[in-house]
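Q:
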Amino acid sequence: MAGYDFARYLKIRSAYDAHFAPDNTKVAFLTNITGVPQVWQVSTNGGWPEQCTFFDDRVSFVEYSPVHECAIFGMDIGGSEQTQLYLMTTNGEHTISLTAAAPTSIHTFGGWSPDGTSIAFSANRRDLAHFDVYVQTVGPCGEGDVQCVYEGSGTNRVVGWGPDGTWLIISYHHANQHNDLYRLDLNSRELQLLTPDNSGAQFVDINITPDGRGLYLATDLHNDFVRPAYLDLATLELQRLDDVPWDIDIVRLSPNGQFLVVITNEAGYSRWHIRDLVHEQDIAAPTNPPGMCMFADFAHDSAALAFTLTGPQNPADIWIYDLQSEQTRQITHSSSAGIPHTRFVVPEPVHFPTFDQRQIPGGLYLPQTTSDTKPPVVIDVHGGPESQRRVEFNPIYQYFLHCGYAIFAPNVRGSTGYGRAFSQLDDVEKRMDSVKDLAHAAYWLKDSGIVDPQRVAVMGGSYGGFMVLAALTNYPDLWTVGVDVVGIANFVTFLANTSPWRRHLREVEYGSLARDRELLERISPIHKVDQIRVPLMVIHGANDPRVPIGEAEQIVESIKQRNGIVEYLRFDDEGHGIIKLTNRLICYPAIERFLNNHLH
């Protein structure tokens, strides 16, 4: 087997989030070909793509005007997440900042008006803790008049324009999985509640019908799973459309209102369902390799659909499905850095028993080696915690597998994809039950005979970083080594210092500083550092607005004071995660050396 270094794997590329141009002949998309995500465009027939933006920082989205030859994209600096909006010509020749007047605010794009003369967005310009709604005219020269059309409290997002351009749909977020929908009349500024008030449910993937009479969406109202539904805007009656026992990933309505696409998340894999609403019949779905669909967008003429597909053996790429010919074609071909796709490992779906007899799902990756020696294992814990390890391509996993490591990716309680009840099993006072699940993952692996029970690493990022620290402090004898990336060490300081707009959203999950301080202190790993008995690596971005870098620094300092073994990597131009290729080429080989030193 040919040997590849970590840099080779880190240079595997991806392409994603494609939007059609007004004439449907090309799509704009994001790719990290240059080492950081930028805007590119390519013909819908495929061919060589053209780069449109040339920045050192990541671009987070791009969307063409529905009418004119221009597009809006978003970008932040150094991982700050203070997203600014920019207008560019479709060839990228000219770029104009639309939000330069508020450079330290977060701007969340809410879409183009149907006539292409305005955009809507929400921003925390007035107060860092609150997002108001704005409408801004966009002319040939860029920035136009900006109006605050709704001044609200908390987190508001624009999720759609009415087809006549006179109203918006606004989502108000109580928590990550709990929101209300409102219709805002742009003339009278009247706000109408559309969904049951403070229902505890989520209403996502909003699609406004061409006649403006209703919304196709996904919701878990009165249900454990997120299901497709239709909301009548006149009667506010909600009609469920399907009863599949899986969460919905994506709902898309074609611009002409004829086709409804529903993509379900079935044990981490995406399954397509397409309904012809006019002829009341299901139609053929795209034929593509099994994997996870990350994004989908209809052409303006409703004849085709662009989507992002990724899988364990396939980096993310853009595909187009022609609804008339029922043909699927791949239009981007991201580099696998010369590594054959057959070298990439597909996970085995498994379940393991935990302390309360539940079966916890996960993906087990085993190296393609013929050695009789049992491999070391890295248990990787996802962040969120309202998230899920799925079957997307992961170059970090694949490199460690190439080096002979096994990888286990558990979806402990609190993960999404298995129903609301499962995702709430770790809320507030039940937090440590998820750590018990993680410990039982280690017990199961050690007893399985598959891996070396003396060489077990635990690794995770963000909330997963907390899980690493909690595992090391509560089950100190289970682990050989730990890697904490942008993780929470102290829930009290985390909630006190996270971005103001995030605090109320995260307190629903973790507990309130006002009501639950004693609990938050009790479960915080910082107060149990003396229990850490194995080497720990800590990695953090200095500009992290979600989990401030103080979380890393206090855990590192505390371990050093106790003469523990700790390595610390700080990146001054990163935020919540290590994004830039130049930094990833430092970060991940350092993790490799750290694990090799302590697991071999």
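Residue 1196 in my numbering is what sits at position 18 of the sequence shown, and the numbering runs on without skipping anything.
Each residue gets a CB set at the ideal place from its N, CA and C atoms; glycine is no exception.
Bear in mind the structure is a predicted one, so any value in this text is a computation, not a measurement.
Assign residue 1355 to buried or exposed, taking buried as 16 or more other Cβ atoms, counted over all protein chains shown, within 10 Å of its Cβ.
A: The residue is buried, with at least 16 neighbouring Cβ atoms inside 10 Å.
Q: Just list the beta strand (DSSP E) runs in the stretch 1273 to 1333, keeping only unbroken ones of 3 residues or longer that don't cross its boundaries, in chain order.
A: With a minimum length of 3 residues, the continuous beta strand (DSSP E) runs that stay inside the stretch 1273 to 1333 are 1273 to 1275, 1285 to 1290, 1296 to 1305, 1308 to 1317, 1320 to 1328.
Q: Are the beta-carbon atoms of residue 1522 and residue 1491 separated by less than 9 Å?
A: Contact flag set, yes.
Q: Could you check if residue 1599 is buried or exposed, using at least 16 other CB atoms within 10 Å of its CB as the buried criterion?
A: So residue 1599 counts as exposed.
Q: Using CA atoms only, rank isn't needed, just tell me which of 1542, 1593, 1577 is closest to residue 1622.
A: Nearest option by C-alpha distance: 1542.
Q: For residue 1337 versus residue 1297, is the C-beta distance shorter than 9 Å?
A: Not a contact, by the Cβ cut-off of 9 Å.
Q: Excluding the five sequence neighbours on either side, which residues of its own chain have a C-beta within less than 7 Å of the C-beta of residue 1248, listed in chain order?
A: Within the same chain, residue 1248 has close Cβ partners 1265, 1266, 1267, 1268.
Q: According to DSSP, residue 1357 sits in a beta bridge with which residue or residues?
A: In the DSSP output, where bridge partners are listed per residue, residue 1357 has 1351.
Q: Alpha carbon to alpha carbon, how far is residue 1628 from residue 1396?
A: Answer to the nearest angstrom: the Cα atoms are 40 Å apart.
Q: Check residue 1659 in the structure and name its three-state DSSP category.
A: Of the three classes helix, strand and coil, the one that applies to residue 1659 here is strand, per DSSP.
Q: Report the CB separation of residue 1426 from residue 1439 in whole angstroms; it is logged as a contact under 8 Å.
A: At roughly 11 Å, the Cβ-Cβ gap does not stay under 8 Å, so residue 1426 and residue 1439 are not in contact.
Q: What three-state label does DSSP hand residue 1507 in the structure shown?
A: Note: residue 1507 maps to strand in three-state DSSP.
Q: Given a cut-off of 9 Å, decide if residue 1345 and residue 1323 are closer than it, judged by their beta-carbon atoms.
A: Going by C-beta atoms, residue 1323 is not nearer than 9 Å to residue 1345.
Q: Taking the alpha-carbon positions, what's the residue 1199 to residue 1520 distance?
A: Roughly 35 Å separates the two Cα atoms.
Q: Does the structure place the stretch 1588 to 1599 close enough to the stretch 1562 to 1570 that three or more beta carbon pairs sit under 8 Å?
A: The stretch 1562 to 1570, when compared against the stretch 1588 to 1599, does touch it at the 8 Å Cβ threshold.
Q: Helix, strand or coil for residue 1179 per DSSP?
A: Residue confidence is low: residue 1179 scores 44 on pLDDT, short of 50, so the model does not pin down where it sits. No coordinate-derived value is stated.
Q: DSSP state of residue 1377, grouped into three classes?
A: It is coil, neither helix nor strand.
Q: What alpha helix (DSSP H) runs, 4 residues minimum, are completely inside the stretch 1668 to 1749?
A: Counting whole runs of 4 or more residues, the stretch 1668 to 1749 contains the alpha helix (DSSP H) stretches 1669 to 1675, 1678 to 1688, 1695 to 1701, 1728 to 1739.
Q: Is it true that the CB of residue 1360 sits closer than 9 Å to the CB of residue 1333?
A: Cβ distance not < 9 Å, so residue 1333 and residue 1360 don't count as in contact.
Q: From the DSSP output, read off the bridge partner residues of residue 1472.
A: Residue 1472 is not bridged to any residue.
Q: Between which two residues does the alpha helix (DSSP H) holding residue 1519 run?
A: Note, residue 1519: premise wrong, no alpha helix (DSSP H); not H, not E.
Q: So what's residue 1646 in DSSP terms, helix, strand or just coil?
A: Of the three classes helix, strand and coil, the one that applies to residue 1646 here is helix, per DSSP.
Q: If we ignore side chains and look at the alpha-carbon of each, how far apart do residue 1668 and residue 1691 end up?
A: Computed Cα separation, rounded: 12 Å.
Q: Could you say if the stretch 1231 to 1239 and the stretch 1684 to 1703 meet the contact criterion of at least three C-beta pairs nearer than 8 Å?
A: Not touching, per the Cβ criterion.
Q: Within its chain, find whatever has a CB closer than 8 Å to the CB of residue 1406; leave out the 5 residues flanking it on each side and keep chain order.
A: Excluding residues within five positions, the ones whose Cβ falls inside 8 Å are 1394, 1395, 1396, 1418, 1419, 1420, 1426, 1429, 1438, 1440.
Q: Taking the C-alpha atoms as reference points, what is the distance between residue 1391 and residue 1276?
A: Cα to Cα, residue 1391 sits roughly 32 Å from residue 1276.
Q: Would you be able to state if there are at least three C-beta pairs under 8 Å between the stretch 1509 to 1518 and the stretch 1486 to 1501?
A: The stretch 1486 to 1501 is in contact with the stretch 1509 to 1518.
Q: Within the same chain, show all residues whose beta-carbon is closer than 7 Å to that of residue 1378, passing over the 5 residues directly before and after it, in chain order.
A: Same-chain partners within the cutoff: 1356.
Q: Residue 1604 to residue 1688, Cα distance in whole Å?
A: The alpha-carbon atoms of residue 1604 and residue 1688 are separated by roughly 9 Å.
Q: Of the choices 1524, 1750, 1707, whose alpha-carbon is the least far from that of residue 1727?
A: Closest by alpha carbon: 1750.
Q: Starting from residue 1209, follow its DSSP beta bridges and name the residues at the other end.
A: Beta-bridge pairing links residue 1209 to 1193, 1216.
Q: Residues bridged to residue 1370 by DSSP?
A: Its beta-bridge partners are 1361.
Q: Out of curiosity, what's the CA-to-CA distance linking residue 1222 and residue 1293?
A: Each residue's alpha carbon lies about 23 Å from the other.
Q: Give the single residue among 1639, 1624, 1208 whose Cα lies nearest to the Cα of residue 1786.
A: Because residue 1786 is not part of the residues shown, which for the chain are 1179 to 1778, the question remains open.
Q: Which term fits residue 1462, buried or exposed, when burial requires 16 or more other beta carbons within 10 angstroms of its beta carbon?
A: Classification for residue 1462: exposed.
Q: Work out the CA separation of residue 1270 and residue 1576 for me, nearest whole Å.
A: Cα to Cα, the separation comes out at about 35 Å.
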